[in-house]
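The block underneath contains the structure these notes are about, expressed in structure tokens.
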Ligand code: SF4
């Protein structure tokens, strides 16, 4: 399956008065297009921090993404992020984190173009995620306006004259007594013909005029306002296109730069265990050797530097990668080798990712800066802002109603004007899902979206997610501590323990034969009326011990204090995430030999 998200060696830590808490410590994940990956584990094992790191929503400081790569659709989302927070060591205590406001601002601006349209997130508590003083419709429309303004402008520009059907709709709206039905007709009419709903309502209520007179007024009014709306829509469209190109170029430049380092890291056995089986880099300085062996000398790459400044792989390196890909065919490290290819040949991937962005024409950058300045100035003036943005907001309204209907909210038109507290928990969560879908993302992260809901509503939300998955074909990263939910929804499951992935497996295989002792413990803790009979009064099965303190985790395997199979090596050496059987990965010394057998040619 084509990977859409590849996470390698992700490390996220928090600086506290007691020391550095490594909440995520070297997580590797892959999600294919349209796949549902479940992440499961006890509370505090790093599931949510992993998701927030992927979305780049970690508060820095006290948090910091300390290492790793997050490749999403050909982009390294952490590229350029190394300058966001500087670490200054102190003689005593944890180091001091010094944020660079300018770098953080730029990185967040770049990420704003990835979040929403690329990936989105549904949070745990809908009530604390929705703004209590803003209406539902406004909150969802805000997302649509931010993420899909070009489409809204296209719709404004494509509006046409009134058709007989539009006239008939308007006539129906005048004679309909049911206000909900009238609202629906007005929204339909506004979306079809580009009218502003408030103007339509004013004319509907003008009872001193005949119906024909009101139709004539509507035509005139729309004709006048349409010209201004069109000019503004053209302005916004051009601004958005320039901004998108600007950000895309910035991403491409940074991702190219990080490709070189990522390729070198892949050949470094200290960072990548798989590199132990690759053409050896024997020197004590793998970076220098890899540079010499696999990349063109700086003097040879003047033109490439102009293109983006990234390291350029030599034909030798490409050949080595091809060789690795052939050797790994069908093997357990296919995804890892696919990463090697995507990293090393990433220049090509980036070019494919941005085919629609030719080089900036002379003057385009200036055009962009001028338009952006003008736009920001207009938004500072409340009256001007209201007048200019109204047509866009009207267009977004039709989208919002459609989205609310998509997530099965009854009476979507009514809910549009309601406040969050007027909705039940299930309805609020549906609104959150609608917001997450507003940008039509390729990946949706759902962080325990059913935790705060009762069982019946949980089932409805799960059913909705399953249904949406089929309809929108987005990949879903589903975080939960409930294995039953995982079994219901996921294709694959990653089990997390103390900031690390300890098992990654297709969901059916995991339930049939869990490999890691921690996964076995989790499954044994499920009380089932069919599989096991518990004596009255006997304690429920649990995993002995408690989750370790991540400020001071156990040495070697972090699970060893609770593991009934632990032996000496477990206390000394940290197990790697290896593949004892195709399609499955486990981090446990019990399976090292099986993994070695699978790796052998
Ligand atoms: S590595 Fe050792 S302690 Fe860790 S899960 Fe495996 S057997 Fe248990």
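In my numbering, the protein residues as written are 7 to 607. Here a beta-carbon is modelled for each residue, glycine too, at the ideal position from N, C-alpha and C.
(request) Have a look at residue 226 and residue 453 and give me their C-alpha separation to the nearest angstrom. (result) Translated into positions along the chain shown, residue 226 becomes position 220. Translated into positions along the chain shown, residue 453 becomes position 447. One C-alpha to the other measures close to 50 Å.
(request) Enumerate, from N- to C-terminal direction, the unbroken beta strand (DSSP E) stretches of 3 or more residues contained entirely within the stretch 439-524. (result) 449-453, 481-486, 498-503 and 506-512
(request) Look at the alpha carbon of residue 403 and the alpha carbon of residue 60, and state the distance between them as a whole number of angstroms. (result) The residue labelled residue 403 in the question sits at position 397 within the chain shown. The residue labelled residue 60 in the question sits at position 54 within the chain shown. Answer to the nearest angstrom: the Cα atoms are 30 Å apart.
(request) Ignore the nearest five residues each way along the sequence and tell me which others in residue 91's own chain have a CB closer than 8 Å to its CB. (result) To locate residue 91, count along the chain shown from 1; it is residue 85. Only 66, 67, 70, 103, 104, 105, 106 and 110 meet the Cβ criterion.
(request) Give the secondary structure of residue 558 by DSSP, where H, G and I count as helix, E and B as strand, and everything else as coil. (result) To locate residue 558, count along the chain shown from 1; it is residue 552. Residue state, collapsed to three classes: coil.
(request) Can you have a look at residue 383 and say buried or exposed, based on whether 16 or more other CB atoms are within 10 angstroms of its CB? (result) Along the chain shown, read from residue 1 onward, the residue named residue 383 stands at position 377. So residue 383 ends up on the exposed side.
(message) To the nearest angstrom, how far is the alpha carbon of residue 245 from that of residue 376?
(response) For this step, residue 245 is matched to residue 239 along the chain shown. For this step, residue 376 is matched to residue 370 along the chain shown. C-alpha separation (whole angstroms): 9 Å.
(message) I'd like to know whether the C-beta atoms of residue 42 and residue 497 end up nearer to each other than 7 Å.
(response) By one-based count along the chain shown, residue 42 stands at place 36. By one-based count along the chain shown, residue 497 stands at place 491. Result yes, Cβ atoms of residue 42 and residue 497 sit closer than 7 Å.
(message) In the DSSP assignment, the beta strand (DSSP E) including residue 609 goes from what residue to what residue?
(response) Not covered by the structure: residue 609. The range shown for the chain is 7 to 607.
(message) With DSSP as the reference, identify every bridge partner of residue 591, one or two as the case may be.
(response) Taking the first residue of the chain shown as 1, we reach residue 591 at position 585. Looking at the DSSP assignment, residue 591 forms a beta bridge with 510.
(request) Run the proximity test for residue 113: is its beta-carbon closer than 6 Å to any non-hydrogen atom belonging to the ligand SF4? (result) Start at 1 with the first residue of the chain shown, and residue 113 comes out as number 107. No.
(message) Would residue 51 and residue 484 qualify as a contact pair, given that the criterion is a beta-carbon distance under 7 Å?
(response) What you label residue 51 is simply residue 45 of the chain shown in a count that begins at 1. What you label residue 484 is simply residue 478 of the chain shown in a count that begins at 1. No, these two residues do not count as a Cβ contact at 7 Å.
(request) Using the Cα positions of residue 17 and residue 35, report the straight-line distance between them to the nearest angstrom. (result) Taking the first residue of the chain shown as position 1, residue 17 is located at position 11. Taking the first residue of the chain shown as position 1, residue 35 is located at position 29. Rounded to the nearest angstrom, the two C-alpha atoms are 12 Å apart.
(request) Reducing DSSP to helix, strand and coil, say where residue 133 ends up. (result) One-based indexing of the chain shown puts residue 133 at position 127. In this structure, residue 133 counts as helix in the three-state DSSP scheme.
(message) Please determine whether the Cβ atom of residue 449 lies at a distance below 6 Å from any heavy atom of the ligand SF4.
(response) Start at 1 with the first residue of the chain shown, and residue 449 comes out as number 443. No, the beta carbon of residue 449 sits no closer than 6 Å to any heavy atom of the ligand SF4.
(request) Mind checking which residues open and close the beta strand (DSSP E) that includes residue 170? (result) The residue labelled residue 170 in the question sits at position 164 within the chain shown. Segment 170-181 is the alpha helix (DSSP H) holding residue 170; no beta strand (DSSP E) there.
(request) Express the C-alpha separation of residue 548 and residue 522 in angstroms, rounding to a whole number. (result) Stepping through the chain shown from its first residue, residue 522 is reached at position 516. Stepping through the chain shown from its first residue, residue 548 is reached at position 542. The alpha-carbon atoms of residue 522 and residue 548 are separated by roughly 16 Å.
(request) Less than 8 Å between the CB atoms is what I'm expecting for residue 74 and residue 13, so what's the real figure, rounded? (result) Looking up residue 74 in the chain shown gives position 68. Looking up residue 13 in the chain shown gives position 7. Contact holds; Cβ gap of about 7 Å.
(request) Please report how far the alpha carbon of residue 123 lies from the alpha carbon of residue 162, in whole angstroms. (result) To locate residue 123, count along the chain shown from 1; it is residue 117. To locate residue 162, count along the chain shown from 1; it is residue 156. Residue 123 and residue 162: Cα-Cα distance of roughly 21 Å.
(request) Give every residue of the same chain whose Cβ lies closer than 8 Å to the Cβ of residue 186, excluding the five residues on either side of it in the sequence, and list them in chain order. (result) What you label residue 186 is simply residue 180 of the chain shown in a count that begins at 1. Only 417, 419 and 420 meet the Cβ criterion.
(request) Locate the alpha helix (DSSP H) running through residue 394, then write down its first and last residues. (result) Reading the chain shown from its first residue, position 388 is the one you call residue 394. Segment 388-412, the alpha helix (DSSP H) holding residue 394.
(message) Below 8 Å, how does it come out for the stretch 465-478 and the stretch 146-155: are there three or more Cβ pairs, yes or no?
(response) no
(request) Work out the CA separation of residue 579 and residue 425 for me, nearest whole Å. (result) Taking the chain shown and counting its residues from 1, one reaches residue 425 at position 419. Taking the chain shown and counting its residues from 1, one reaches residue 579 at position 573. Distance between the alpha carbons of residue 425 and residue 579 is about 54 Å.
(request) Within the same chain, show all residues whose beta-carbon is closer than 7 Å to that of residue 304, passing over the 5 residues directly before and after it, in chain order. (result) Residue mapping note: residue 304 aligns to position 298 of the chain shown, counting from 1. Note that residue 304 scores 43 on pLDDT, short of 50, meaning its location in the model is unreliable and no value can be drawn from it.
(request) Out of 117, 78, 96 and 220, point me to the one whose CA is closest to residue 25's CA. (result) Indexing the chain shown from 1 puts residue 25 at position 19. Per the Cα distances, 96.
(message) Any heavy atom of the ligand SF4 inside 6 Å of the beta-carbon of residue 581?
(response) Counted from its first residue, the chain shown places residue 581 at position 575. Because some heavy atom of the ligand SF4 lies under 6 Å away, the Cβ of residue 581 counts as near it: yes.
(request) Would you mind reading off the limits of the beta strand (DSSP E) that contains residue 29? (result) One-based indexing of the chain shown puts residue 29 at position 23. Residue 29 -> beta strand (DSSP E) spans 25-38.
(message) Using the Cβ count rule (16 or more neighbours within 10 Å means buried), how would you classify residue 89?
(response) Taking the first residue of the chain shown as 1, we reach residue 89 at position 83. So residue 89 counts as exposed.
(message) Quick check: what's the CA-CA separation for residue 177 versus residue 208?
(response) For the purposes of this step, residue 177 is identified with residue 171 of the chain shown, where counting begins at 1. For the purposes of this step, residue 208 is identified with residue 202 of the chain shown, where counting begins at 1. For residue 177 and residue 208, the distance between alpha carbons rounds to 14 Å.
(message) Using CA atoms only, rank isn't needed, just tell me which of 557, 584 and 594 is closest to residue 99.
(response) Start at 1 with the first residue of the chain shown, and residue 99 comes out as number 93. That would be 557, whose Cα lies nearest to the Cα of residue 99.
(message) Quick check: the Cα distance between residue 291 and residue 9, rounded to an integer number of angstroms?
(response) On the chain shown, residue 291 is found 285 positions in, with the first residue counted as 1. On the chain shown, residue 9 is found 3 positions in, with the first residue counted as 1. Reliability of the predicted coordinates at residue 291 is poor, the pLDDT of 42 falling under 50, and the value obtained from them is presented with this limitation in mind. Their backbone Cα atoms lie some 31 Å apart in a straight line.
(request) Give me the Cα-Cα distance between residue 53 and residue 575, rounded to the nearest whole angstrom. (result) Numbered from its first residue, the chain shown carries residue 53 at position 47. Numbered from its first residue, the chain shown carries residue 575 at position 569. Straight-line Cα distance between these residues: approximately 27 Å.
(message) Quick check: the Cα distance between residue 243 and residue 397, rounded to an integer number of angstroms?
(response) Reading the chain shown from its first residue, position 237 is the one you call residue 243. Reading the chain shown from its first residue, position 391 is the one you call residue 397. Whole-angstrom Cα-Cα distance: 14 Å.
(message) Is the separation between the beta-carbon of residue 633 and that of residue 15 shorter than 7 Å?
(response) Because the chain is modelled from 7 through 607, residue 633 falls outside the range shown and cannot be assessed.
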